[in-house]
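Student: End of the sequence shown = 544 in full-length UniProt numbering, gap-free, step of one. Where is the CB? At the ideal position from N, CA and C, for every residue including glycine.
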Amino acid sequence: MDGLMQNVPLTVDRILDHAAGWHGAREIVSRDAEGRVTRATYAAIRADAKRVSNALAAEGIKVGDRVATMAWNGARHLAAWYGAAGMGAVLHTLNPRLFLEQIAYIANHAGDRLLLADPATADLVEQLLLQVPSIEKVIFFCDRASLPQTGFPAIAFDDWIAGQSTEYRWGGFDENTACGLCYTSGTTGNPKGVLYSHRSNYVHALMTLQRDALALSARDCVLLVVPMYHANAWGVVYSAPAVGAKLVLPGQRMDGESIYNLIEDEGVTYSAAVPTVWQMLLQYMQEKGKRFSTLERVTIGGSACPESIIRAFRDDYGVDVIQGWGMTETSPLGTVSVPNASVAAKPEPEQMAYRLKQGRLLCGLEMKLVDDAGNRLPHDGKTPGRLMIKGPTIARAYFGGEGGDVLDAEGFFDTGDVSTIDAEGYMQITDRAKDVVKSGGEWISSIEIENIAMGHPAVANAAVVGVSHPKWDERPILLCELKAGAAATADDLKAFLEGKIARWWMPDDVLFVERIPLGPTGKIDKKAIRAGLEDYELPFDAAR
Ligand code: ADP
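1. For the stretch 432-443 against the stretch 461-470, are there 3 or more C-beta pairs whose distance is under 8 Å?
2. Which runs of the beta strand (DSSP E) spanning at least 3 residues fall entirely within the stretch 315-355, listed in chain order?
3. Should ILE28 and ALA20 be called a contact, given that it needs their Cβ atoms to be closer than 8 Å?
4. Can you tell me which of ASP112, SER239, SER165 and ALA33 puts its alpha carbon nearest to the alpha carbon of HIS18?
5. Just to confirm the assignment, what range does the alpha helix (DSSP H) spanning ILE103 have?
6. How do the stretch 46-56 and the stretch 161-169 stand: do at least 3 beta-carbon pairs fall below 8 Å, yes or no?
7. Could you name the residues of the same chain whose beta carbon sits closer than 6 Å to that of MET427, not counting the 5 residues immediately before and after it, in chain order?
8. Restricting to runs no shorter than 4 residues, where is the alpha helix (DSSP H) found entirely within the stretch 157-191?
9. Got a sec? Which residues, its chain only, sit under 6 Å from CYS182 by beta carbon, not counting five neighbours each side?
10. What three-state label does DSSP hand ARG36 in the structure shown?
11. Once DSSP output is grouped into helix, strand and coil, what is the label at PRO227?
12. Using 10 angstroms around the beta-carbon of ASP123, count the other beta-carbons present and answer buried if the total reaches 16, otherwise exposed.
13. Reducing DSSP to helix, strand and coil, say where MET367 ends up.
14. For ALA242, which residues from the same chain have a beta carbon less than 6 Å from its beta carbon, with the 5 sequence-adjacent residues on both sides left out?
15. Does DSSP put ASN461 in a helix, in a strand, or in coil?
16. Quick check: what's the CA-CA separation for GLY64 versus SER30?
17. Please work out which residues of its chain come closer than 6 Å, Cβ to Cβ, to ASP32, disregarding the five sequence neighbours upstream and downstream, and give them in chain order.
18. Are LEU407 and ARG396 close, meaning C-beta to C-beta below 8 Å?
19. Hey, out of ASP159, LYS494, LEU249 and TYR202, whose CA is closest to GLY74's CA?
20. What are the boundary residues of the beta strand (DSSP E) that ARG475 is part of?
21. Look at the alpha carbon of ALA85 and the alpha carbon of THR69, and state the distance between them as a whole number of angstroms.
22. For the ligand ADP, I want to know if THR328 counts as a neighbour, meaning its beta carbon is within less than 7 Å of at least one of the ligand's heavy atoms.
23. What first and last residue would you give for the alpha helix (DSSP H) that runs through ALA75?
24. Quick one: does the C-beta of THR38 sit closer than 7 Å to a heavy atom of the ligand ADP?
25. Rounded to whole angstroms, how far is the Cβ of ALA71 from the Cβ of LEU10, which I believe are closer than 8 Å?
26. Can you say whether TRP504 is buried or exposed, counting buried as having 16 or more other CB atoms within 10 angstroms of its CB?
27. Using alpha carbons as the reference points, say which of ASN108, GLU450, GLU136 and GLY441 lies closest to PRO306.
28. Express the C-alpha separation of ARG253 and ILE45 in angstroms, rounding to a whole number.
29. I want to know whether the stretch 218-227 touches the stretch 260-277 - three or more CB-CB distances under 8 Å.
30. Is it right to say ALA145 is buried, meaning 16 or more other beta carbons lie within 10 angstroms of its own, or is it exposed?
31. On the DSSP bridge list, what partners appear for LEU518?
32. Could you please give me the residues that DSSP links to ALA272 through a beta bridge?
33. Grab me the residues of ILE103's own chain with a C-beta within less than 8 Å of its C-beta, minus the 5 sequence neighbours each way, in chain order.
34. Mark GLN323 as exposed unless 16 or more other C-beta atoms lie within 10 angstroms of its C-beta, in which case mark it buried.
35. Going straight from the alpha carbon of TYR168 to that of MET454, what length do you get?
36. Is GLN323 near the ligand ADP, with its Cβ less than 7 Å from a heavy atom?
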């Protein structure tokens, strides 16, 4: 027997309709690369999004066609996002920080028909067009006066939508219709396309709005530092309008001063970003002796959150740090590290150990640990295994069938992460399956050593990689980037690690480098580190 409730398709256009209808005057603030700030509202964004739908229809874009954007966070990008989704097209976010070859590969693979791009990417677009024949038209997110000079025909977004009607009938398709396309940044292997549906994005927004997740509210002012082209913008493009939060879109500038000024000028209460962004912000604040007047909490995810960041935010600035874990394939939020009742009852030092874990599962998802043969492993907080996840916001295949069948017999997706799960249900990533250091048949967590090393006062960034060893197969070595003007020796670092990690985890060597290479999304690029270490040899003592 069917239930007798209304069967309303969960399509994301309804989220913007809600924001415009019930929080219509709430502001969307955008800052461009020149630092100019413009103000819009949810009502105005919806009107522009409807114009976009009409403009897309006029270009012959149909349900399922891919419309690409290559841009930083801004109001025009947001209008394009909803305008494409609302009419059933697939909004495909391209990451302008990738190499040209990678972007071309991705755009060709996706079969993008239109490209809406930030004017700052004009040179890149010019080269891209030579390699991606499917792109029929380029629209730059700007007005006519800011249209870049190019050797190819292009139109300003404002002209493209000017004259289009603000009436367009959104939706009318199944909730499982594709809505957005986002390629994994390829930290491990070729980029693969994750194809979100309207339903998965809608459900994800509701899941992340729980108090024990991102907990956004109508009173929040949200600074979306996470780029809209990265991992579905952590779903904030849906969750912020769903509750009518003020939304601040920071454009291209991510340095500490720019982010700090935006937080203060706009009264930001909540923000989300990867650890490297927060590190830059904290460094700026420490140097300049700045304070926050409105910021209450931040979500950190994308890579493990060092304890030093949690402590600096909380102890020095009274800001709560919530660690989240997820990946492009999981929409992206999967787990969040907030205290449950029994952890909250523990003394503070013990609580910190839980905050450093990646956290507990959101309702609606299932998670398990397995060994290489697929057998379930215990949730004892000690046994590391492959992390598998299942649910309505988890990918079941990649775009174009790339990578083949990606689910196990029980329908779980292999995250490629290695983790433990403790008796309280807290998951802790110990490594990426590809980054794990395997020494004498046992796994060493590169992430754990990195986090501890980052707590050394002279260290700005740290990376641990495995190098081959004649006896132990692999041994860890530690690369450190020192803070400007700071000094430390290899022995200092080893002494600092002593007692904090198992003795056999002690890195066999410590190398000081000018810069730890970061990938396009601000994560440590271990592929590049390993490539740079091809001729590296362990010190004689260690190699025995
Ligand atoms: P890519 O796979 O291309 O790096 P994603 O942004 O999808 O792009 O990355 C997801 C991965 O990032 C996860 O599988 C995990 O390894 C890592 N990650 C995400 N959040 C955390 C976190 N809080 N702590 C540790 N690792 C994390």
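Tutor: To lay it out plainly:
1. Segment contact: the stretch 432-443 against the stretch 461-470, three or more CB-CB distances shorter than 8 Å; contact assigned.
2. Complete beta strand (DSSP E) runs here, min 3: 320-326 and 333-337.
3. no
4. SER239
5. 100-110
6. yes
7. THR335, GLN358, SER419 and ILE421
8. 157-161
9. THR93, VAL194, ASN232 and THR328
10. Three-state DSSP puts ARG36 in coil, outside helix and strand.
11. Coil at PRO227, not helix or strand.
12. When all chains shown are included, ASP123 counts as exposed.
13. The answer is strand: DSSP assigns MET367 an E or B state.
14. Only ILE15 and ALA205 meet the Cβ criterion.
15. strand
16. 29 Å
17. GLY251
18. In this structure, ARG396 lies closer than 8 Å to LEU407 by Cβ.
19. LEU249
20. 473-482
21. 13 Å
22. yes
23. 75-86
24. no
25. About 27 Å; that fails the 8 Å criterion.
26. exposed
27. GLU450
28. 22 Å
29. yes
30. exposed
31. ILE524
32. LEU224 and THR299
33. MET70, LEU94, ASN95, PRO96, LEU124 and LEU128
34. buried
35. 52 Å
36. yes
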